[in-house]
Amino acid sequence: MSTITAGGPPPKPSFFERLSQSRNGLGFLFMLPAAIFLLCFLTYPLGLGVWLGFTDTRIGRPGIFIGLENYQYLMEDRVFWLSVFNTVVYTVVASILKFALGLWLAIILNEHLPFKTFFRAIILLPWVVPTVLSALAFWWIFDSQFSIISWVLMQAGLIDAPINFLGDPTNARISVIAANVWRGIPFVAISLLAGLQTIPVSLHEAAALDGATSWQRFRRITLPLLTPIIAVVMTFSVLFTFTDFQLIYVLTKGGPVNATHLMATLSFQRGIPGGALGEGAAIAVAMVPFLLAAILFSFFGLQRRKWQQGATD
Numbered sequence: 001m002s003t004i005t006a007g008g009p010p011p012k013p014s015f016f017e018r019l020s021q022s023r024n025g026l027g028f029l030f031m032l033p034a035a036i037f038l039l040c041f042l043t044y045p046l047g048l049g050v051w052l053g054f055t056d057t058r059i060g061r062p063g064i065f066i067g068l069e070n071y072q073y074l075m076e077d078r079v080f081w082l083s084v085f086n087t088v089v090y091t092v093v094a095s096i097l098k099f100a101l102g103l104w105l106a107i108i109l110n111e112h113l114p115f116k117t118f119f120r121a122i123i124l125l126p127w128v129v130p131t132v133l134s135a136l137a138f139w140w141i142f143d144s145q146f147s148i149i150s151w152v153l154m155q156a157g158l159i160d161a162p163i164n165f166l167g168d169p170t171n172a173r174i175s176v177i178a179a180n181v182w183r184g185i186p187f188v189a190i191s192l193l194a195g196l197q198t199i200p201v202s203l204h205e206a207a208a209l210d211g212a213t214s215w216q217r218f219r220r221i222t223l224p225l226l227t228p229i230i231a232v233v234m235t236f237s238v239l240f241t242f243t244d245f246q247l248i249y250v251l252t253k254g255g256p257v258n259a260t261h262l263m264a265t266l267s268f269q270r271g272i273p274g275g276a277l278g279e280g281a282a283i284a285v286a287m288v289p290f291l292l293a294a295i296l297f298s299f300f301g302l303q304r305r306k307w308q309q310g311a312t313d
């Protein structure tokens with residue numbers, strides 16, 4: 001047996017000792033559980049969905065590889081293109097309304113108001129209530145016979161008959177957008193309120209002393225400093241809206257006459273009740289380019305924030 005003589009070289013640290021002394025190694029160990037979680041519950045389902053989109057798999061029957069046939073069929077499917085149109089209109093209109101109303105609400109809540117804490121807490125209720133419960137409440141509000149909105153308007157003498165909210169294509173689109181806006185405003189408002197509170201008050205005070213109006217202070221100080229937060233918040237808002245399923249499925253199930261079918265609801269309808277898993281997966285995969293565009297938008301917003309904080313890379 002060899003022995004270490006006095007004055008000899010120190011023993012080499014083991015692999016685990018070197019790993020524990022390395023910042024990169026520790027970072028890798030801490031990120032490993034999250035990476036495994038994402039691999040199992042995100043990467044694998046996404047990869048399986050992409051693979052199913054290239055097959056003719058049906059429920060109860062394994063499919064074979066058919067290449068791009070599902071996508072070729074979708075390119076000629078009028079219902080699919082209607083769902084794309086509905087999804088884009090639904091996302092754009094709802095996101096713009098949520099941003100405008102959420103920013104307006106955040107500015108109000110940022111002022112010195114009585115019971116400000118209470119109002120900040122109560123505004124979160126539409127966001128924390130389960131989506132299905134919200135959808136059921138709106139289903140009653142938009143009922144063709146017992147709608148509270150129709151009842152109030154009829155009592156006021158503004159209309160003669162109940163409004164067919166969910167039975168008319170145009171009214172149905174407006175109704176589901178209104179329900180989504182009501183549910184999504186709290187997330188935008190609270191997030192932007194947090195961003196507003198990071199803006200130094202001294203900047204507004206200095207601008208006011210220089211004679212700047214409220215609009216000029218908002219345009220030249222508040223909006224530029226809030227832009228990185230807006231980029232991130234609106235990216236998540238667009239993602240949540242674009243992939244919305246529960247609200248639409250409970251309210252209209254895509255009707256009337258496919259007028260409110262989104263890509264998410266159409267993918268579910270074709271894949272699960274319709275049994276065509278391959279076609280449903282192809283519709284879901286077709287959503288990925290839109291989602292990637294939203295993520296890139298968020299990335300550039302974060303890069304702008306780095307630049308504002310003085311980063312050079």
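Residue 134 in the UniProt record's numbering sits at position 134 of the sequence shown, with consecutive numbering throughout. The beta-carbon is built from N, C-alpha and C at its ideal position, and this holds for glycine as well. Just so we're clear, the structure is a prediction, and the values are computed from it rather than from any experiment.
Coarse secondary structure for Thr235, derived from DSSP in three states: helix
For the alpha helix (DSSP H) containing residue 363, name the first residue and the last one. Lying before the first or after the last residue shown, residue 363 is absent from the chain, which here runs from 1 to 313.
Distance between beta carbons of Gly53 and Ala264, contact taken as under 8 Å: Their Cβ separation, rounded to whole angstroms, is 15 Å, which puts Ala264 and Gly53 out of contact at 8 Å.
Can you give the Cα-Cα distance for Ala194 and Asn164, rounded to whole angstroms? 40 Å
Give the secondary structure of Phe65 by DSSP, where H, G and I count as helix, E and B as strand, and everything else as coil. strand
Ignore the nearest five residues each way along the sequence and tell me which others in Leu196's own chain have a CB closer than 8 Å to its CB. Ala106, Ile107, Asn110, Thr222, Leu226
Would you decide whether His112 is buried or exposed? Buried here means 16 or more other CB atoms lie within 10 Å of its CB. exposed
Residue interval of the alpha helix (DSSP H) (run including Gln216): 214-217
Does Pro186 pass the burial test, meaning 16 or more other C-beta atoms within 10 Å, or should it be called exposed? buried
Between Pro169 and Pro256, how many whole angstroms is the CB-CB distance? I'm expecting something under 8 Å. 6 Å
Using CA atoms only, rank isn't needed, just tell me which of Gln216, Ala206, Leu136 is closest to Leu251. Leu136
According to DSSP, is Thr170 helix, strand or coil? helix
Since Arg270 is in the alpha helix (DSSP H), which residue starts that stretch and which ends it? 263-271
Of the residues Gly274, Gly184, Gly49, the one placed nearest Val129, counting alpha carbons only: Gly184
Nearest to Gln72 (by Cα), restricted to the options Lys253, Glu279, Gly49: Glu279
Within the 9 Å Cβ cut-off, does Gly27 reach chain B? The structure shown contains no chain B; it is built from a single protein chain.
Ala293: buried (16+ other C-beta within 10 angstroms of its C-beta) or exposed? exposed
Under a three-way DSSP split, which group does Thr243 fall into? coil
Taking the straight line between their C-alpha atoms, what separation do you get for Val188 and Lys98? 7 Å
Does the pairing of the segment 88-104 with the segment 235-247 give three or more beta-carbon distances under 8 Å? yes
Alpha carbon to alpha carbon, how far is Ile66 from Leu296? Give it in angstroms, no decimals. 31 Å
What's the C-alpha gap between Ile64 and Thr55? 5 Å
Buried or exposed for Ile229, please, with buried defined as at least 16 other CB atoms from any protein chain shown within 10 angstroms of its CB. buried
Find out if the Cβ-Cβ distance for the pair Trp182, Phe218 is shorter than 9 Å. no
Taking the DSSP output, what are the residues bridged to Arg58? Arg61
Apart from the five residues on each side of it in sequence, which residues of its chain come closer than 7 Å, Cβ to Cβ, to Gly310? Its pLDDT being 46, under 50, Gly310 is placed unreliably in this model, and the value from its coordinates should be taken loosely. Closer than 7 Å at the Cβ level, and outside the excluded window around Gly310, lies no residue.
What is the DSSP secondary structure of Leu158, counted as helix, strand or coil? coil
Give the straight-line distance between the Cα atoms of Thr43 and Val93, rounded to the nearest whole angstrom. 31 Å
Reduced DSSP secondary structure (H/G/I, E/B, other) of Val132: helix
Where does the unbroken alpha helix (DSSP H) through Ser83 begin, and where does it stop? 78-109
Which two residues bound the contiguous alpha helix (DSSP H) that contains Gly49? 44-52
What do you get for Gln145, buried or exposed, if any count of 16 or more other CB atoms within 10 angstroms of its CB means buried? exposed
Under three-state DSSP, which class holds His204? helix
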